[in-house]
Every structure is written in structure tokens, then in C-alpha cells.
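Colleague: Keeping their order, the protein sequence lines are chains A and B. The numbers in the working numbering rise by one with no breaks, and the one at position 21 of the first sequence is 21. Position in the second sequence (first residue = 1) + 1000 = the working numbering. In this text, a Cβ means the ideal position worked out from N, Cα and C, and glycines have one as well. Before I ask anything, here is the structure I am working with.
Number of protein chains: 2
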Amino acid sequence: MRNRRVTIVEIAREAGVSAQTVSRVVNGNVNVAEETRLRIQEIIDRRGYHPSRLARSLLRGSSNTIGVVSFGLGLYGPSQTLAGIVHEANHQGYTVLPQMLTEAETRNPQRIVGQFIESHVDGIIWAVPEIGGNLDWAEDGVSEFDIPIVFITMRRRPGLTGVHVDNCRGGRMAVDHLVARGRRKIGLINGSHDWWEAKERAQGWRESLTNHALPIDDNLIVEGDWSAASGEAAMTALLTRHPDVDGVFVGNDSMALGAIKAARALGRRIPNDVAVVGFDNMPESAFFHPTLTTIHQDLDRVGSQAVGALHAILNGAVEPNPDGDEIVIGPRLVVRESS
Amino acid sequence: MRNRRVTIVEIAREAGVSAQTVSRVVNGNVNVAEETRLRIQEIIDRRGYHPSRLARSLLRGSSNTIGVVSFGLGLYGPSQTLAGIVHEANHQGYTVLPQMLTEAETRNPQRIVGQFIESHVDGIIWAVPEIGGNLDWAEDGVSEFDIPIVFITMRRRPGLTGVHVDNCRGGRMAVDHLVARGRRKIGLINGSHDWWEAKERAQGWRESLTNHALPIDDNLIVEGDWSAASGEAAMTALLTRHPDVDGVFVGNDSMALGAIKAARALGRRIPNDVAVVGFDNMPESAFFHPTLTTIHQDLDRVGSQAVGALHAILNGAVEPNPDGDEIVIGPRLVVRESS
DNA sequence: CTTTCCAGTTCACTGGTTACA
DNA sequence: TTGTAACCAGTGAACTGGAAA
């Protein structure tokens, strides 16, 4: 059924020149007579010749390919980050090779990196958020892989390059805002506590309360799993245990949606009785009822910065920082009706 | 900085055998003495040898790689579909090579297919929804590419393989349900009319009204662009022009969210005054206020079926149907408060 | 007369696998 | 059971013969 692919030798034969000359035409090398170039180019176009990346990469030792490891593409954050990576990588002339993890725990990164090495990727973007100990292997074991890796959403580690949003600052901004709105008893509905992002947002909650000389009560923290359903359950639990809570910072917009539903079910008006601030600024959040105040994180930019950082490393443009290179994207408060 | 990769020859040299013997061990060929196999395997593990996919693919003529063209990854649908594809492809042992289009119009598919051919992909999944004439090139020009392509969300075309949700039936189900709820003047807030999916859903709206002997008034159709903002604007326009509308089928959940907001702003109670049915069943829709009745589409399955179809073609397991092969995924009505 | 440039060729090599010995 | 040689689709380096500087 399928024809064999057109090769450089066939083109060369038809043009009556050597393969090397065709190669020069393809690569825009100058040492080809104009007349010859035109003749060969015509044949290339007519025959639909496409040089083989495989052969070229094999010889050159670099493939212009980036491996990307993802997890949780059902969630808004990870899928947007992947989109940002693919977009920027294509833009920079890289081909992306995505791998999906079905569980966060990474028993043997060796296997995954090994697959990428088989595919001759030039570098890797590890877009699996730090959860529990799932990045402990990176602690000291990355140099063994002998291939540059950029991590997305990992706490700073010596010698490693990471890109992430400043979750702690985002948390502070959210709670600062609630305090500015006159709230004094501010709860936290957080994503799974295993997630580093969740911990950082909780830290922001703490710091803001401290800065405003408000008491910190860990009983005001309820844990969800980032889903709207868990947000609903968490808000129910929180308001049942602490009926006088007047403000809540929720770890993402989906949970905030569920939380608002629960608050309403318990007869609370938002924002009058309870003010709510989310995190993500997903496009829908501007249309929730009430519209959701939230912390915007630019995930497209996280993705493109990760590609940029990898690109810089691959081109040898940067001296790796022994402390670990860190690109931090600033969050932004978007005020709407829910506060 | 980076070492050269470990090659089969190095392993062979260290083991004192020929490269061929190492190759046999790697590929599980039987004709190797057990003792030799163990010795070589030990060296492979210790040195961290990974056979080169490039070299192997070059020789074998197939790469176990699938090219995927995507568009609109910012939307819920396309990003979930891509996730489904990557997941299933990895599962089946394929590597995915994603390409993102920044505009729906495909001026020269030749360029995109050409890039994939350079990368030696075995097949292509064209996951760009049919919009305007952006798939007209497929009409007769696919065989020229001499590579199997599976299309996601394209109307049936002779000789081509496609996977899509039955949008027309979904539309019928939505409107049937509204009628069953006693609604008689049912509007349609649709996605961009250019989109084939939108046309099909509109067709479902028409068929259902016809089946129930209700009048069809094209003035009850308002077009949006799938965003919540456009849904809000559309509902405002619809209720202003036709204050007696008592049910609305909305082309996706995001627009439905905006539409509900607009209806509320105009003093309508939902579902009492206006019942609303969406399309997608995104996870958040179960937590909208009110919770949203919607048509569920299993996009994971669309992705995995596309991979499966391509896999079947690549293995020569299927005779292509001259009428075009069509895999249709059935939608499902999910009833909630908004109706 | 030597040197440089030009247009193009030849050869070896990338990392494996298949066929055959 | 193992080795040898050819091959996949390209590219870098060295080289050729003649013209121009």
C-alpha cells in the first residue's frame, strides 16, 4: 500500500548529481551553482522529497526534540501548562514528545528518562507537580542522567532548574485582600496537602495572617483534592465547625465553585456573610455566581519559560547556578463579586 | 558537558562479542548462550545503555510514532481529546508528536504533513475540528500524502476515517428533554456557525422540534464563540428579542454558564422561567448555580478510539471502506437542576 | 607562479538490524 | 551460537580540477 519514502539518492540520481550536492541545496549551502540549485529544487518539489529527521539527527547527535512528562491532564492547570509548552516549543522549532503519568509517584524515573534517551531528546521538561516525595529522586540523582531537565512546580533544589508560580505570594495576596475587606476569621480550603503548591499557598495564608496580627488556627484549614466536589465538602465541614468564618481562601477555582455552592446551601450570602477568593483564574470563574475573586496564574507563560530555560541550557547560554536556577512567575489578584 | 551516548558497539567491545550478539540480547533473540546473555545484560545495565530508536526506526522503516495536529487547546474539548490521545497512544506503545495550529484555517496541510513525514510518523491524527472549509483539502487530496490519517470531528467523507460524537443526536436529546419538561418556545445558543459540530447540534434542535410538531423559528438561534462571555451576550440578546422563550439549548457548558448569568440578570428564574441544557458535561458543570443539565460527551474515548482506528490501519487489520469509515460516540443526557 | 575560490565528488561515519556464512 | 557484510538516509571533511586573483 505505502510507497517507500523518497530519498536524497533518488533525487540525486534524477538530477544527475551526487547526494552531497542535493544535501547542500536542502541545507542552503552556498557552494552550488544557481542553475544546478534550481534544477534540483524543482525535482525536490515535484517528487515531494522530505529529508529524514531520523538520519539527520543520528548523524548530528541532536534531534531538536524535547521530552515532556505530564500528570493530571484532566485538571485545568496541567493541561494549560502542556498547551503552553507545546506552543512555545513548536514556535522555537522543537518537536515535543509528551509522556503521561497515570500516578504522581515516580518509582523509577530511570525508565522514563531512558525512554526519552532512546528517542534522542535533547532535553526534558518534568511537568509533574511536586507531590509527597515524588521528586526526591531529583535530589542528587539528576546528573547521572546526563541530560538537561527543567522542572515545573518543584521547590528549589541545589543545581536544578525550575519554573513555577509564586504560590506563597499568591496566597498572601488572597488573604491580604480578604483582610482589606474587613474579614477577621479567614479559613483555608486547600488542595491535597501532599502537593507542594498547596503547602506554599497555605504558607501564604499563614504569613498574611501573621502580618496582620491575626491568630492562626490550623483548625481553619480543610483539605480537598482540587475537585469541585471536594470544595463543596470542605466548605460544609468548615462552616459547620466554625460558623463564624467570614472569609475563605480556596486553593483553586474548581474547589471555590463547590465551596460557594456549599455556603449557599448553608444559607450564607456571598460575599456578605462569607467572602471567597480562589486560585487559577480559569476562564469560567468570571461567570460563576457570584463571579469569583481569584489569583491569576499565567500557565502559558510557565510553559514557555520552561521551554526558554531548556533552550538556553541546550545552547550553552547559561552557567548553571549551583544553588539551582529558579524562574518565578508572579501571580495577580483579580477582584470580582465573591469578595 | 554531555557525554556521548553509550552505543551497542561499546557494549560489544566490553563484552568481547560482536554488536550483533548484543543486538540479539536486547531484542530477546533465543540464539544466545545463557551465560553470554547474562554477561552482556549486566554490562548493559551497568553502563545504562539505551538502544537508539532513531537508528532502529531508520532501518525498520517504521517508528511507532503518531503525529497529532491540535487546535484550540485553551478550550475544554480539544484539550481533553489530546489528553485521551496521548494516554491511549502511550498505552499502546506509540510515541506522540503533537503539533499545535494557531488558526483553524489550514492553508497548506502539505507543510504540516511534510513535517510529520520528516519525522517518520507512522500515521496522523488530525484533531482539528471542521470549521468552514478548513478540511476541504481532505476531500480528494489525502491519498497523495500516502500516509494514514484519522480525523477527529469531521463530517463523513468518502474514503476517510473519522471519529466523532453524534452531535446531532446530542442536540435532539437536549431539546427532547426540554420538550418533555413542558417547554414550547425553545431557543438555541450555538457555537460559531462555521463549526461543523455547531451545525450538527443545530440540526438536532431542528429535528427535535419537528418531531414534536413545534414551529421552527431561526430567529431563536443566536451565535456565540463557545466562550462564557459570548453565552452571556447571546442569552441577553435572545431574551430581549423573545421574552417568552421558556427553554434554551446551549452549545457548550461554558456558554451555558454565561447564559445563566445573563438570564438571572434579566430577572429570570432557572429553571422555572427558562430551562437550560448545555453540552460537554465538563466537571464543573455539576456545581454551577443552578447545577447544569447537559449532554455528556466522552472525549477520552474519542481520543482512544482515534488511536485504536489508526493502530488497526497501520497493522493492516482493516479494509478501508470506500464510503469512509466512521466511529460515532454516543452522547448521554445528564439531568440536573437547570431544567 | 602561487594562492584562493568555486562547484562538485568521494569516503567515512551515525547506531543499529537483516541476511547469510 | 556467533560473526561478517551490507544497508537504512543522511552529513562532515577531505579532495579534485579548473578558473580567477
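Would DSSP call residue 92 of chain A helix, strand or coil?
Modeller: coil
Colleague: For residue 1067 of chain B and residue 1099 of chain B, which I take to be in contact (beta-carbon distance under 8 Å), what is that distance rounded to the nearest angstrom?
Modeller: 7 Å
Colleague: For a test of the three-state rule: what should DSSP assign to residue 179 of chain A, helix, strand or coil?
Modeller: helix
Colleague: Taking its Cβ as the centre, do 16 or more other Cβ atoms sit within 10 Å of residue 1042 of chain B, making it buried, or is it exposed?
Modeller: exposed
Colleague: Excluding the 5 residues flanking residue 1198 of chain B on each side, which residues of the same chain have their C-beta closer than 7 Å to its C-beta?
Modeller: 1190, 1191, 1192, 1251
Colleague: Just to confirm my understanding: we take residue 1123 of chain B, look at its own chain, exclude 5 residues before and 5 after, and list those with CB closer than 6 Å. What are they?
Modeller: 1066, 1148, 1310, 1314
Colleague: Which residues, in order along the region 1263 to 1288 of chain B, keep a beta-carbon less than 8 Å from a beta-carbon of chain A?
Modeller: So the close ones are 1264, 1283, 1284, 1286, 1287, 1288.
Colleague: Given a limit of 7 Å on CB to CB distance, which residues of the region 1083 to 1112 of chain B reach chain A?
Modeller: 1083, 1086, 1087, 1090, 1095, 1096, 1097, 1098, 1099, 1100
Colleague: Can you check DSSP and say which residues form a bridge with residue 151 of chain A?
Modeller: A:126, A:162
Colleague: Given a limit of 9 Å on CB to CB distance, which residues of the region 49 to 63 of chain A reach chain B?
Modeller: Residues of the region 49 to 63 of chain A whose Cβ lies closer than 9 Å to any Cβ of chain B, in chain order: 50, 51, 52, 53, 54, 55, 56, 57, 58, 61, 63.
Colleague: By DSSP's criteria, residue 331 of chain A is part of a beta bridge. Which residues make up the other side?
Modeller: BP columns for residue 331 of chain A are empty, so no partner.
Colleague: If we ignore side chains and look at the alpha-carbon of each, how far apart do residue 135 of chain A and residue 308 of chain A end up?
Modeller: Computed Cα separation, rounded: 22 Å.
Colleague: Which same chain residues, not among the five before or five after residue 165 of chain A, have their C-beta less than 7 Å away from its C-beta?
Modeller: 297, 302, 329, 331, listed in sequence order.
Colleague: Which partner residues does residue 1279 of chain B have in the DSSP bridge list?
Modeller: B:1295
Colleague: Is there a Cβ of chain B sitting closer than 8 Å to that of residue 174 of chain A, yes or no?
Modeller: no
Colleague: Kindly confirm or deny that the region 268 to 280 of chain A and the region 87 to 99 of chain A touch, where touching means at least three C-beta pairs closer than 8 Å.
Modeller: no
Colleague: Is there contact between the region 1039 to 1054 of chain B and the region 1081 to 1090 of chain B, where contact requires at least three CB pairs shorter than 8 Å?
Modeller: no
Colleague: Let me know if residue 1186 of chain B comes out buried or exposed under the rule of 16 or more other beta-carbons within 10 Å of its beta-carbon.
Modeller: buried
Colleague: So who's on the other strand from residue 1098 of chain B, going by DSSP bridges?
Modeller: Under the DSSP definition of a beta bridge, residue 1098 of chain B partners with B:1068.
Colleague: Along chain A, in chain order, which residues have C-beta atoms closer than 8 Å to that of residue 1228 of chain B?
Modeller: Result: 283, 284, 286, 287.
Colleague: In chain order, what residues of the same chain lie with their CB nearer than 6 Å to the CB of residue 1162 of chain B, ignoring the 5 residues before and after it?
Modeller: 1151, 1154, 1326
Colleague: Tell me, please, whether the CB atom of residue 74 of chain A is closer than 8 Å to any CB atom in chain B?
Modeller: So, interface residue.
Colleague: Below 7 Å between beta carbons is the criterion; list the residues of the region 238 to 261 of chain A that meet it against any residue of chain B, in chain order.
Modeller: 254, 257, 258, 261
Colleague: Please identify the residue among A:249, A:255, A:46, A:337 whose C-alpha is closest to the C-alpha of residue 209 of chain A.
Modeller: A:249
Colleague: Could you check where the alpha helix (DSSP H) with residue 1059 of chain B kicks off and where it finishes?
Modeller: Counting along the chain, the alpha helix (DSSP H) containing residue 1059 of chain B begins and ends at 1053 to 1060.
Colleague: Could you give the distance in angstroms between the alpha-carbon of residue 1107 of chain B and the alpha-carbon of residue 17 of chain A?
Modeller: 33 Å
Colleague: When you compare each of B:1285, B:1234, B:1144, B:1184 to residue 46 of chain A by their alpha carbons, which one comes out closest?
Modeller: B:1144
Colleague: Nearest to residue 1174 of chain B by CA position, among B:1019, B:1070, B:1293, B:1085, is which residue?
Modeller: B:1293
Colleague: Could you tell me whether the Cβ of residue 157 of chain A comes closer than 8 Å to any Cβ of chain B?
Modeller: no
Colleague: Give me the Cα-Cα distance between residue 323 of chain A and residue 138 of chain A, rounded to the nearest whole angstrom.
Modeller: 14 Å
Colleague: Just reading off the beta strand (DSSP E) that residue 1117 of chain B is part of, what are its end residues?
Modeller: If you look at residue 1117 of chain B, you'll find it isn't in any beta strand (DSSP E); it sits in the alpha helix (DSSP H) that goes 1109 to 1118.
Colleague: Pop quiz: residue 1283 of chain B and residue 1338 of chain B are said to be a contact at Cβ under 8 Å. What is the actual Cβ separation, rounded to whole angstroms?
Modeller: Actually they are not in contact, since the Cβ atoms of residue 1283 of chain B and residue 1338 of chain B sit about 16 Å apart, beyond 8 Å.
Colleague: Rounding to the nearest angstrom, what Cα-Cα distance links residue 203 of chain A and residue 223 of chain A in this structure?
Modeller: 14 Å
Colleague: Strictly under 8 Å for the Cβ-Cβ distance: is residue 304 of chain A near chain B by that measure?
Modeller: Chain B, which has no Cβ nearer than 8 Å to the Cβ of residue 304 of chain A, makes this no.
Colleague: How should residue 1158 of chain B be labelled, buried or exposed, when 16 other C-beta atoms within 10 angstroms of its C-beta is the threshold for buried?
Modeller: Here residue 1158 of chain B is exposed: its Cβ has fewer than 16 other Cβ atoms, across all protein chains shown, within 10 Å.
Colleague: So who's on the other strand from residue 1133 of chain B, going by DSSP bridges?
Modeller: For residue 1133 of chain B, which the question treats as bridged, DSSP gives no partner whatsoever.
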